[in-house]
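Q: Residue numbers (this note's numbering): 62 to 560.
We put the beta carbon where it would ideally sit given N, CA and C, even for glycine.
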């Protein structure tokens, strides 16, 4: 089932005639935009390229709804408002790809909502204002219909909620969730569902030996019954936190329907998440032991942050040193800039679902465990720097301010806000930023980086903002050579997808 009204067909025909891509030039990132049916494709072709060139792609990698004009910070609100008035309903930057804008139409199709047929019909009637009138024209009922939902969640949890951009599209703001988002369910086999055989044997061998790929597939696969059991065991968060509720497809994105249908990925984008570092953080302790796994993960994050810091042109970078005779260690990295000495501490921990959903107790527990420890390490190291201790004699012996950066594996969006749940400032001013922020930051030359960071630390209000907003333009992780190299190693996957 899908939307095949006149406006949709007209726009689809226009895309076939005028083209589904716009060329931006090889230096710019690629973008994906989805158009409402009433959009003028000529206006989009004429105005969108210039507007997109003004936006930092790193703020749009997860996709935004332009009508939510503050989705990328207030400095981009006017641009997003203009883009929304062009008829763009959703947009996102495409990491690792350059020079084009890919245009699609916004349809309402049954495979766009991971629910059973009746709840899907109810959702369409709620979201699409013109559907009820179309039904009336063809003899359907005049009033809107709101069909009952399975309040007992008998079949498990919804298939794609919380798993990627589609979830982000469902509302303009995280807190503005429609009631229909509590609808359970489960699986659908869509025409584009992907299976292991979509990648040739030769390409599999480029990734890993075939037996390793098959073991990974077995690990990532459950039967429908196993998925339902896992969902039932996980339980349900409070209704207002459903965006972060447990979704069995996030950890095990493949479903084995048995002979005939075989193994299917109901939501292919969740496959990428399942094999990512994000998911490894949650499944690794079960296989390697919690303590050993987290120690190794922390060391790898620390090493990766060091590689990134060494990309800063004109900066001096030194690793951790013992602070006393008992070998209590300093922060992870010393970053010396023209105007600042920056103490960098890395934390691989991530917030759990309850903390992400805003549970004050869980936020306080997590930040005490992670951010407070990092704050104390920064303070202890800064005291040694201030005392001109011989253990840090490699640092400049001058009056440069000493500040701290806490790099977290994933964003903790209100970590700098000053809210009591997120802890207090220490003796040394510090700012929390994510690993993704750092990957953009290291592309800024040392002199400029030093001046701009100093400006943030000196501004009491800006220090409380999220780091991308407080730092401003220039966080271009898509240009980061380490990331570009990694993406190029797996370019054949993109070729397989596009071909």
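(1) Should residue 69 and residue 163 be called a contact, given that it needs their Cβ atoms to be closer than 7 Å?
(2) Would you kindly work out how many angstroms separate the C-alpha atoms of residue 439 and residue 105, rounded to a whole number?
(3) Taking just the CA atoms, how far does residue 337 sit from residue 355?
(4) With a threshold of 6 Å on Cβ separation, who are the neighbours of residue 399 within its own chain once the five nearest residues in sequence on each side are excluded?
(5) Once you ignore the five residues that flank residue 442 on each side, which residues in its own chain have a CB closer than 7 Å to its CB?
(6) Spatial neighbours of residue 161 within its chain, please: C-beta separation below 7 Å, excluding the five flanking residues on both sides.
(7) Quick one: any contact between the segment 528-545 and the segment 487-506, if contact means 3 or more CB pairs under 8 Å?
(8) Please confirm whether residue 140 and residue 96 have their CB atoms less than 7 Å apart.
(9) Would residue 420 be called buried (16 or more neighbouring beta carbons within 10 Å of its own) or exposed?
(10) What are the boundary residues of the beta strand (DSSP E) that residue 90 is part of?
(11) Between residue 345 and the rest of its own chain, which residues show a CB-CB distance below 6 Å, the 5 nearest in sequence each way excluded?
(12) In this structure, what does DSSP give as the bridge partners for residue 166?
(13) Rounding to the nearest angstrom, what Cα-Cα distance links residue 270 and residue 321 in this structure?
(14) At what residues does the beta strand (DSSP E) containing residue 158 begin and finish?
(15) Pair every Cβ in the segment 529-549 with every Cβ in the segment 368-384, then say whether three or more of these pairs are closer than 8 Å.
(16) Can you have a look at residue 394 and say buried or exposed, based on whether 16 or more other CB atoms are within 10 angstroms of its CB?
(17) What is the rounded straight-line gap between the Cα of residue 323 and the Cα of residue 137?
(18) Give the range of the beta strand (DSSP E) segment to which residue 406 is assigned.
(19) Can you give me the Cβ contacts of residue 79 inside the same chain, cut-off strictly under 7 Å, excluding the 5 residues immediately before and after it?
(20) If you count every other CB in all the chains shown that lies within 10 Å of the CB of residue 465, and 16 or more means buried, which is it?
(21) What is the rounded straight-line gap between the Cα of residue 32 and the Cα of residue 150?
(22) Thinking C-alpha only, which one of 364, 396, 360 and 523 is nearest residue 374?
(23) For residue 518, which residues from the same chain have a beta carbon less than 6 Å from its beta carbon, with the 5 sequence-adjacent residues on both sides left out?
(24) Provide the residue(s) that pair with residue 317 in DSSP beta bridges, ordered along the chain.
(25) Checking the sheet assignment: what are the DSSP bridge partners for residue 83?
(26) Can you tell which of 448, 455 and 524 has the C-alpha that lies nearest to the C-alpha of residue 474?
A: In this structure, then:
(1) Residue mapping note: residue 69 aligns to position 8 of the chain shown, counting from 1. Residue mapping note: residue 163 aligns to position 102 of the chain shown, counting from 1. No, they are not a contact pair.
(2) Start at 1 with the first residue of the chain shown, and residue 439 comes out as number 378. Start at 1 with the first residue of the chain shown, and residue 105 comes out as number 44. In a straight line, the C-alpha of residue 439 is about 49 Å away from that of residue 105.
(3) As a first step, residue 355 must be located in the chain shown, where it is residue number 294. As a first step, residue 337 must be located in the chain shown, where it is residue number 276. Approximately 16 Å, taken between the alpha carbons.
(4) On the chain shown, position 338 is the one that residue 399 refers to. The answer, listed in chain order, is 508 and 511.
(5) Position 381 of the chain shown, counting from 1, holds the residue named residue 442. Within the same chain, residue 442 has close Cβ partners 384, 391, 392 and 404.
(6) Here residue 161 is taken as the residue at index 100 of the chain shown, counted from 1. Once the five neighbours on either side are set aside, the close Cβ partners of residue 161 are 82, 83, 84, 85 and 91.
(7) yes
(8) The sequence position of residue 140 within the chain shown is 79, counting from 1. The sequence position of residue 96 within the chain shown is 35, counting from 1. Not in contact: residue 140 and residue 96 (Cβ atoms no closer than 7 Å).
(9) Position 359 of the chain shown, counting from 1, holds the residue named residue 420. By the neighbour-count rule (16 or more Cβ atoms within 10 Å), residue 420 is buried.
(10) The sequence position of residue 90 within the chain shown is 29, counting from 1. It spans 90-96 - the beta strand (DSSP E) in which residue 90 sits, taken as one unbroken run.
(11) As a working note, residue 345 is residue 284 in the chain shown. Excluding residues within five positions, the ones whose Cβ falls inside 6 Å are 354.
(12) The count along the chain shown starts at 1 and reaches residue 166 at position 105. Paired residues: 96.
(13) Counted from its first residue, the chain shown places residue 270 at position 209. Counted from its first residue, the chain shown places residue 321 at position 260. Rounded to whole angstroms, residue 270 to residue 321 spans 27 Å at the Cα level.
(14) Counting from 1 along the chain shown, the entry for residue 158 is found at position 97. 149-159 is the span of the beta strand (DSSP E), which, as asked, contains residue 158.
(15) yes
(16) Working through the chain shown from its first residue, we reach residue 394 at position 333. Result: buried.
(17) As a first step, residue 323 must be located in the chain shown, where it is residue number 262. As a first step, residue 137 must be located in the chain shown, where it is residue number 76. Taking the straight line from one Cα to the other gives about 46 Å.
(18) Position 345 of the chain shown, counted from the start, is the residue given in the question as residue 406. Residue 406 -> beta strand (DSSP E) spans 402-408.
(19) Locating residue 79 in the chain shown gives position 18, where the first residue counts as 1. Around residue 79: 102 and 106.
(20) The sequence position of residue 465 within the chain shown is 404, counting from 1. Its Cβ being crowded by 16 or more others within 10 Å, residue 465 is buried.
(21) Residue 32 is absent from the structure shown; the chain starts at 62 and stops at 560.
(22) Translated into the one-based positions of the chain shown, residue 374 becomes position 313. Among 364, 396, 360 and 523, the Cα nearest to that of residue 374 is on 396.
(23) As a first step, residue 518 is located in the chain shown; it is residue number 457 there, counting from the start. Cβ within range, chain order: 464 and 490.
(24) For the purposes of this step, residue 317 is identified with residue 256 of the chain shown, where counting begins at 1. According to DSSP, residue 317 bridges with 324.
(25) Start at 1 with the first residue of the chain shown, and residue 83 comes out as number 22. In the DSSP output, where bridge partners are listed per residue, residue 83 has 162.
(26) In the chain shown, residue 474 corresponds to position 413, counting from 1. Selected option, being the one with the closest Cα: 524.
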